Amino acid sequence: MLTPHDRSILLRDWQFSGVFTAQAGRPFTPRVSFDNSNTGNVGGGTFAYDRPNVVTGSVPAGARTVTYDGQVFAIAPQYTFGNAGRNSLTGPSYASLDLSVSKRLPLGPSRSLELRLEMFNLLSRSNLLLPDSFVDRPTFGQSLSALPARQAQLAARFTF
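The number in my numbering is simply the position in the sequence shown, starting from 1, with 31 added.
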């Protein structure tokens, strides 16, 4: 049976901390993976690619289109530039709750042991990375990877 003194020691020196992060999706630019404008744009950077056309109204006959977030895109006619704007699309949102719990155990006048449990992405939410931005690929608009799911770590620190 625990004495009142033992209970008092168990309830002292606990520390809780947490961080909640939430943000809207990051912007990204729809792109074409080849030099459609015949200007030497062969990639090599985010802005070194041609862009597709945003299709409004009726779709031209025979045009291959793709849709993302309600916008319809088609590759611009050969030797022209597309009219899709830079950073005109928004990727998936992000939210994470990180939490830590620690307990300090005194081991004499100048020594102590701290036990710490840390949890990252405690709710185990799927935080997807930016989708594929090339409209001429079958994976356009799909997030092909995600940040890690819930992770936990336990640590001990001896202070003397």
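By construction, the Cβ of each residue, glycine as well, lies at the ideal position given by its N, Cα and C atoms.
For clarity, every value in this text was computed on a predicted model and none was experimentally measured.
Next on the checklist: Tell me which residue opens and which closes the beta strand (DSSP E) that Q182 is part of.
Outcome noted: Counting along the chain, the beta strand (DSSP E) containing Q182 begins and ends at 182–190.
Item to check | the stretch 63–70 in contact with the stretch 157–174 per 3-pair CB rule at 8 Å | outcome: Look at the beta carbons and you see the stretch 63–70 touching the stretch 157–174: at least three pairs across the two are nearer than 8 Å.
Item to check | Cα-Cα separation between F51 and Q182, rounded to whole angstroms | outcome: 15 Å
Checklist entry - Just curious, the beta strand (DSSP E) that V30 is in, first and last residue? => result With the chain represented from 32 up to 191, any question about residue 30 goes unanswered, as that position is not in the structure.
Checklist entry - What number of angstroms, rounded off, separates the C-alpha of L178 from the C-alpha of Y99? => result 22 Å
Item to check | Nearest-angstrom Cβ-Cβ length linking L192 and P58, presumed shorter than 8 Å | outcome: An answer regarding residue 192 cannot be provided, because it is not within the stretch 32 to 191 covered by the chain.
Item to check | Cβ-based burial, R82 [other Cβ within 10 Å; buried from 16] | outcome: It is buried - the Cβ of R82 has at least 16 other Cβ atoms within 10 Å.
Item to check | Q173 - containing beta strand (DSSP E), residue span | outcome: No residue range can be given for Q173, since it is assigned to no beta strand (DSSP E) and is classified by DSSP as neither H nor E.
Item to check | Distance, G139 Cα to L146 Cα | outcome: 16 Å
Checklist entry - Do you know how far the Cα of G172 is from the Cα of L136? => result 52 Å
Checklist entry - How long is the line joining the alpha carbons of A89 and S176, rounded to whole angstroms? => result The residue you asked about is not Ala; residue 89 is Ser in the sequence shown. Distance between the alpha carbons of S89 and S176 is about 34 Å.
Checklist entry - For T190, which residues from the same chain have a beta carbon less than 8 Å from its beta carbon, with the 5 sequence-adjacent residues on both sides left out? => result R142, S143, L144, E145, listed in sequence order.
Item to check | Buried/exposed call for A115, threshold 16 Cβ in 10 Å | outcome: Answer is buried; the Cβ neighbour count reaches 16.
Next on the checklist: Do G56 and G122 have their beta-carbon atoms positioned less than 8 Å apart in this structure?
Outcome noted: yes
Item to check | A126 to P108 span [Cα, whole Å] | outcome: 40 Å
Item to check | Same chain, Cβ closer than 6 Å to Q54, five either side skipped, listed in chain order | outcome: Non-local beta-carbon contacts of Q54 in its own chain, meaning distances under 6 Å to residues more than five positions away in sequence, involve Y125 in chain order.
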